[in-house]
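> Shown below is the structure under consideration.
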Amino acid sequence: MARFKKELSKETPEISTSSMPDIIFMLLFFFMVTTVMRETEMIVNVTAPIAENVQKLEKKSLVSYIYIGQPKEKKLGTEPRIQLDDAFATIGNIQEFIAKEREARDEADRPLLTTSLKVDSDTKMGVVSDVKQELRKVGAFKINYSTRKKVIRK
Amino acid sequence: MARSKKTPGLNASSMADIAFLMLIFFLMTSTMNVDTGIMRILPPPLPEDIEVPDVKERNIMNVLISSHDRLLVNQKPGDIRTLKNDVIEFMSIHPDDPNYPEVTSRDVPLLGKVPTSKGIVSLKNDRGTSYEMYIRVQDELASAFKELRNKLSMEHFV
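Residue numbers (our numbering), protein chains in the order written: chain P, 347 to 500; chain W, 40 to 197.
This is the structure we're talking about:
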């Protein structure tokens, strides 16, 4: 030790951590900005059925959602209703809705549009079939029956 | 008491901790919310004057779901638990057996000629069928086909 010059401080210099919060804050802001809490306010109750062989929905920006289920408000009865965007709709509105969704996308992306059917498991197939027929008419062939993943207990 | 003239530096060392806490909170809560589901392609609407293609009876497996969520598989009452195995049985290759669908061979890249069943599973449902049952049947059918495909790829690639 004595060989070293006396002027040198014996302590190792501390690493400056003053920019650490800045880095962390940058990450924080990134995640705060990119997280989307929920897009639409649900006015129908949807409990998706359970299925095993599921695929992930790629490209969220190319998905339009159709919700079918019992209205959340009790006084509206228990008959399953269709929800498009933030409002109740009827079968007749579907073609219009798909046309509007197409309009909002890039021309190149339009054939890739997927319609996700979020249907309550207690719904009868009648209304679902009607929706499917409408989708066929308007040419939205790619559909996805939204399901929950089965939890496999061992 | 002699006071130091410099203002004391603000201790910012805990700032990082606070930022970290918030970061971890947002990291945890921001699930990208991956939607999963069964992908299907709807058939395009048919022109009025189209001819219905003839399909041989032996090539079709009819699966009907009644309004009471009962199954009818080839005119016989079926069971959701055995449906998967029935479909696998039906779609497997049975050469020269008139009880099973016809077999053709198809050229598949890398594999060459592969015997292929001409079988079709036809799923029909009533308006009163519950969506839950419909998805269960769809799921069973999907898992049957998945199993057959997996079997074939195991034969070829392992």
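We put the beta carbon where it would ideally sit given N, CA and C, even for glycine. All values reported here derive from a predicted model rather than from experimental measurement.
Alpha carbon to alpha carbon, what distance is there between T393 of chain P and L419 of chain P?
Just to set this straight, residue 419 of chain P is Glu in the shown sequence, not Leu. In a straight line, the C-alpha of E419 of chain P is about 16 Å away from that of T393 of chain P.
> Along the chain, where does the beta strand (DSSP E) containing L111 of chain W start, and where does it finish?
L110 to V112 is the extent of the beta strand (DSSP E) around L111 of chain W.
> Mind checking which residues open and close the alpha helix (DSSP H) that includes G472 of chain P?
From DSSP, the alpha helix (DSSP H) with G472 of chain P extends over M471 to V484.
> Do you know how far the Cα of T68 of chain W is from the Cα of I127 of chain W?
Going from the Cα of I127 of chain W to the Cα of T68 of chain W covers about 42 Å.
> Consult DSSP for Y170 of chain W and reduce its assignment to one of helix, strand or coil.
Helix at Y170 of chain W.
> Which of the three DSSP states, helix, strand or coil, is assigned to I396 of chain P?
Here I396 of chain P sits in strand by DSSP.
> Find out if the Cβ-Cβ distance for the pair E92 of chain W, R482 of chain P is shorter than 8 Å.
Here the sequence assigns Pro to residue 92 of chain W, which means Glu is not the residue at that position. Against a cut-off of 8 Å, the Cβ pair of R482 of chain P and P92 of chain W comes out as no contact.
> Report yes or no: is there a C-beta of chain P within less than 8 Å of the C-beta of L66 of chain W?
Taking Cβ atoms only, chain P reaches closer than 8 Å to L66 of chain W, which makes this a yes.
> So within the region 78 to 131 of chain W, which uninterrupted alpha helix (DSSP H) runs reach at least 4 residues, ignoring any that extend past its ends?
Listed in chain order, they are 119 to 130.
> Shorter than 8 Å from the beta carbon of N50 of chain W to some beta carbon of chain P?
Cβ-Cβ to chain P under 8 Å: no for N50 of chain W.
> Output the distance between the C-alpha atoms of N164 of chain W and E398 of chain P, rounded to the nearest integer angstrom.
Looking at the two C-alpha atoms, the distance is approximately 21 Å.
> At a CB-CB cut-off below 8 Å, which residues of chain P make contact with K169 of chain W?
Note that residue 169 of chain W is Ser in the sequence shown, not Lys. Those within 8 Å of S169 of chain W in chain P are S467, D468, T469, K470 and M471.
> I'd like to know if S182 of chain W contacts chain P, where contact means its C-beta is closer than 8 Å to some C-beta of that chain.
Taking Cβ atoms only, chain P reaches closer than 8 Å to S182 of chain W, which makes this a yes.
> So, does the CB of R214 of chain W fall closer than 8 Å to a CB anywhere in chain P?
Residue 214 of chain W lies beyond the stretch modelled for chain W, which goes from 40 to 197, so this question has no answer here.
> So, with DSSP's three-state summary, where would you put L403 of chain P?
It is coil, neither helix nor strand.
> Rounded to the nearest angstrom, what separates T575 of chain P and R109 of chain W at their Cα positions?
Absent from the structure is residue 575 of chain P, since the part of chain P shown begins at 347 and ends at 500.
> What are the partner residues of I159 of chain W, as DSSP defines its beta bridges?
According to DSSP, which records beta bridges pairwise, I159 of chain W is partnered with W:I99.
> Starting from K496 of chain P, follow the alpha helix (DSSP H) in both directions and report where the run begins and ends.
Per DSSP, K496 of chain P belongs to no alpha helix (DSSP H) and is neither H nor E.
> In terms of residue numbering, what span does the beta strand (DSSP E) encompassing L430 of chain P cover?
Counting along the chain, the beta strand (DSSP E) containing L430 of chain P begins and ends at R427 to L430.
> Would you identify the three-state DSSP class for A51 of chain W, choosing helix, strand or coil?
Of the three classes helix, strand and coil, the one that applies to A51 of chain W here is coil, per DSSP.
> Within its chain, find whatever has a CB closer than 8 Å to the CB of L458 of chain P; leave out the 5 residues flanking it on each side and keep chain order.
Around L458 of chain P: K405, L408 and K488.
> Answer with yes or no whether the minimum CB distance from P47 of chain W to chain P is below 8 Å.
For P47 of chain W, the answer is no, since every Cβ of chain P falls outside 8 Å of its Cβ.
> Note down, in chain order, every chain W residue with its Cβ under 7 Å from the Cβ of V400 of chain P.
The contacting residues are T75, G76 and I77.
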